[in-house]
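Structure, as structure tokens:
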Amino acid sequence: MTKTALIIGAGKGISGSFAKELAGEGYKVCLASRNLQNIASIASDISGFAVTVDVSSEESIRNLFKKFQKMLGAPDVVLYNPSERLKGSICDLDISAARKAINVTAFGALIAAQEASKSMIPVGKGAIFFTGATASLKGFAHSSVFAMGKFALRGLSQSLYRELSPLGIHVAHFVIDGVVKRSDLVENSDYFTSAAIAKTFMSVLKQPKQAWSLEIELRPSSEKF
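One gets this note's numbering by counting positions in the sequence shown from 1 and adding 1024 to each.
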């Protein structure tokens, strides 16, 4: 049977590169984004599907999984990639905007994970991946909202790994610690590129069940410590 993947918050960076890796391995891929223009060319290149989703809306995420089920059945792989940055000093933060940003980064991931789990648990297999950031490990000044969302995402992935891995579902969180260059915009192979990161995503997906990774930190080789 054809393997299937759902990438939520897809775009031309890490998620788009991962979509190409998956397609190259025979997966039928569905790309979900708020803006179809961001993903139409990628979907076309890999003979995949492009659908709209608003990850700040619980209903939209649940409807996405219903659409996927009708098109392709239960997903073998789900990547939750979206996040929303909101910078500002603590005294000046717009709380409504902060709530929305945290909903996108963390609460949307919870809903997506719940829907993915409902599909994967009955068949005893699958993978749920989350795209983290430096902010998953360290909060910076004027970036409290982003850190809150990414810390929550990391906590979610840790809890889900311990709950779901005994049931055959691989949960992994990827800490992207550096400025990522889009692979189609650079030629220097030493850059920290989306294509290189996507290959690591794929290597984790292929891990044997006897030695699964819960978390992988990725950073450029040229980083100055």
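Just so it is clear, CB atoms sit at the ideal spot from N, CA and C, and this is done for glycine as well.
Item to check | Spatially closest choice to THR1129 from PHE1092, SER1081, SER1068 and ALA1220, by CA coordinates | outcome: THR1129 has its Cα closest to that of SER1081, out of PHE1092, SER1081, SER1068 and ALA1220.
Item to check | Residue burial classification, ASN1059 (beta-carbon count within 10 angstroms, cutoff 16) | outcome: exposed
Next on the checklist: According to DSSP, simplified to helix, strand and coil, what is GLU1193?
Outcome noted: Here the sequence assigns Ile to residue 1193, which means Glu is not the residue at that position. In the structure shown, ILE1193 sits in a strand (DSSP, three-state: E or B).
Item to check | Integer Cβ distance of PRO1258 from ALA1196, believed to fall under 8 Å | outcome: The chain is shown only over 1025 to 1249; residue 1258 falls outside these bounds and no answer can be derived.
Item to check | Sequence-distant residues of the same chain with beta carbon closer than 6 Å to ARG1243, five excluded per side | outcome: ASP1201 and GLY1202
Next on the checklist: Please identify the residue among ILE1066, ILE1032, ALA1034 and GLY1072 whose C-alpha is closest to the C-alpha of THR1026.
Outcome noted: GLY1072
Item to check | Expected contact under 8 Å - CB spacing of LYS1091 and VAL1075 to nearest Å | outcome: 6 Å
Item to check | Residue closest to GLU1239, alpha-carbon to alpha-carbon, out of ARG1178, ALA1136 and MET1144 | outcome: ARG1178
Checklist entry - Curious, which full-length alpha helix (DSSP H) runs of at least 4 residues does the segment 1068 to 1128 contain? => result 1082 to 1096 and 1119 to 1126
Item to check | Alpha-carbon to alpha-carbon, GLY1173 and SER1167 | outcome: C-alpha separation (whole angstroms): 10 Å.
Next on the checklist: In the DSSP assignment, the alpha helix (DSSP H) including LYS1174 goes from what residue to what residue?
Outcome noted: 1168 to 1188
Next on the checklist: Please report the distance separating the alpha-carbon of GLY1112 from that of ALA1034.
Outcome noted: Roughly 26 Å separates the two Cα atoms.
Checklist entry - Counting pairs of beta carbons, one from the segment 1152 to 1168 and one from the segment 1099 to 1110, are three or more of them closer than 8 Å? => result yes
Item to check | C-alpha gap between ASP1118 and ALA1125, whole angstroms | outcome: 11 Å
Checklist entry - Taking the C-alpha atoms as reference points, what is the distance between ALA1235 and SER1189? => result 11 Å
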